[in-house]
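Residue numbers (mature numbering (1 follows the signal peptide of the UniProt record, and there is no 0)): -23 to -1, 1 to 487.
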């Protein structure tokens, strides 16, 4: 019986701790309704990003945040409900609500006043006896309940097997956090987390391993809230690319399965130097360039992979006219190293550091302010001979199509036909050195008008023969003669439907 009393005392202590923790957590504002609440609310909008119109905005929820004395009001869509309203750390106050202008007069509660030593002693004198009395009361109640339980046990007995089976949760009935993470951070990207929450992401992420390095920075696998994320750390020479990607992701709706999912961007300090972080979804298979080094494809897998790249490029090139639409975007640095492979065999396009935006309504061409140039091996003829019309948005889209044709060539080269597959090689590998100069590429592409060679085996399979035809039409010397991204997607989609292949089967030659 002494052991039961001790157990009851411990349980009472745990209850007190739980109620205290709950009281602390309830100080953070929570929305009045869940994710199925009302939509299209009018909210007060105050921030320093210049995205507010007349001091208001519209969204599914209104929010008020205060981080270390800095306040912001605005709105967000239901996709970011969990990340915005349930993110918590010291110094952050978040209030989410679902009524019109409900964040207008919102303020954070004042910081608690530190009690004086005299107040501490008075509180201690009062609290200790009350706590002891409460523990004794709970212990007595627990003892009474335990005795009653034993009496019922002897009288009625237990049906343990049936009770235990009733308490078991069926397999798959309890969703893991990974499933919740996938629901709210899908493979397609959106505008990421709200701005003030993004600015504190670096504190919540643990870097695990470096998965890639380049002249412009490093890519790490990190963990955030128990899930793997990709952290691209920009070098100081490429800070403009970080600013550009952050600007585009935070102002443009880019939610699409074939565009890398954006989570946040942040500045952090390490070893007395500033680091620029871009946090995105993590894809363990790595870039298309790395994937093709050790993997071969069958024709249907090749088709689905090519189609997914075309779908992502179509979404970039298309302007969506609506209250939450997007401008047309040209990538300007499309290549296999900037395309990631997902676990389902599809691809998603990454790296918007050189992207150009255009809106038909305002007829404004936003080219950014980045001194970096694209990859010379993938440059279109008009870029190499400097005849491109820099003031016309269509010119940038046509250079993307040239690069798309080269990416399709890389994928088809690693496709098995009649038991034959070629080793991975970059475009023009047999015409220029590993790091070609601008002049070397200009001579091959513009003067000699050379194109990557196509193996005869491609013409022996209907799928690869059709893809080869698309490639050639992406490589016309005259930019207006090239296919559009939409035409490439429609051609590949029809090819996929006509052959009616099942889900892709990737052959991993590890």
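Note that CB positions come from ideal geometry on N, CA and C, so glycine has one too.
What separation, rounded to the nearest whole angstrom, lies between the Cα atoms of residue 85 and residue 100?
26 Å
For residue 450, which of helix, strand or coil comes out of DSSP?
When secondary structure is reduced to three states using DSSP, residue 450 falls in the helix class.
Let me make sure I understand the geometry here. Which of 23, 256, 319 has the alpha-carbon closest to that of residue 244?
256
Pick helix, strand or coil for residue 6, following the three-state DSSP scheme.
Residue placement at residue 6 is flagged as unreliable, the pLDDT there being 42, under the threshold of 50; the coordinate-derived value follows with that caveat. Looking at residue 6 - three-state DSSP - the assignment turns out to be coil, as it is neither helix nor strand.
Work out the CA separation of residue 360 and residue 305 for me, nearest whole Å.
Using only the alpha carbons, I get a separation of about 20 Å.
I think residue 505 touches residue 303, with their Cβ atoms under 8 Å apart; what is that distance to the nearest whole Å?
Not covered by the structure: residue 505. The range shown for the chain is -23 to 487.
Please classify residue 109: is it buried, with 16 or more other beta-carbons within 10 angstroms of its beta-carbon, or exposed?
exposed
Starting from residue 241 and walking both ways along the alpha helix (DSSP H), at which residues does that stretch end?
Here residue 241 belongs to no alpha helix (DSSP H); instead the beta strand (DSSP E) covers 239 to 247.
Less than 8 Å between C-beta atoms, sequence neighbours within five positions excluded: which residues of the same chain meet that for residue 341?
335.
Cutting at 6 Å between CB atoms, please list the residues of its own chain near residue 471, excluding the five before and the five after it.
none
Where does the unbroken alpha helix (DSSP H) through residue 380 begin, and where does it stop?
370 to 390
Going by alpha carbons, who is nearest to residue 374 out of 199, 247, 313, 296?
296
Under DSSP, the alpha helix (DSSP H) around residue 290 begins and ends at which residues?
276 to 294
Could you check the C-alpha separation between residue 488 and residue 445 for me, to the nearest Å?
Summary: the structure shown does not reach residue 488, with the chain confined to residues -23 through 487, and so no result is reported for it.
Only counting the same chain, and skipping five residues up and downstream in sequence, which positions put a Cβ closer than 6 Å to that of residue 397?
The residues are 434.
So if DSSP puts residue 406 in a beta bridge, which residue, or which two residues, is it bridged to?
DSSP lists no bridge partner for residue 406.
Apart from the five residues just before and just after residue 532, which ones in its own chain have a Cβ nearer than 7 Å to its Cβ?
The structure shown has nothing for residue 532, since the chain only spans -23 to 487.
Below 8 Å, can you find three or more Cβ-Cβ pairs linking the segment 199 to 216 to the segment 252 to 270?
Judged by Cβ distances under 8 Å, the segment 199 to 216 makes contact with the segment 252 to 270, as three or more pairs qualify.
May I ask you to report which of helix, strand or coil DSSP gives residue 21?
strand
Helix, strand or coil, according to DSSP, for residue 215 in the structure here?
Helix at residue 215.
When burial is assigned at 16 or more other CB atoms within 10 Å of the CB, is residue 476 buried or exposed?
exposed
How about residue 337 and residue 298: are their beta carbons less than 9 Å apart?
Contact annotation: residue 337 and residue 298 have beta-carbon atoms nearer than 9 Å.
DSSP beta-bridge partners for residue 430?
In DSSP, residue 430 forms no bridge with anything.
How is residue 366 classed by DSSP in three states: helix, strand or coil?
coil
Alpha carbon to alpha carbon, what distance is there between residue 264 and residue 205?
16 Å
Could you tell me whether the Cβ atoms of residue 362 and residue 451 are closer together than 9 Å?
no
To the nearest angstrom, how far is it from the Cα of residue 79 to the Cα of residue 325?
38 Å
With a threshold of 16 other CB atoms inside 10 Å of the CB of residue 58, please say whether the residue is buried or exposed.
buried
Check each candidate in 466, 273, 182 and name the one with the smallest Cα separation from residue 294.
Closest by C-alpha distance to residue 294, out of 466, 273, 182, is 466.
With a 10 Å radius around its C-beta and 16 neighbouring C-beta atoms as the bar for buried, classify residue 102 as buried or exposed.
exposed
Is the beta carbon of residue 407 less than 9 Å from the beta carbon of residue 389?
It is not a contact, given that the beta carbons lie outside the stated cut-off.
Out of curiosity, what's the CA-to-CA distance linking residue 403 and residue 181?
38 Å
Please identify the residue among 463, 415, 343 whose C-alpha is closest to the C-alpha of residue 358.
415
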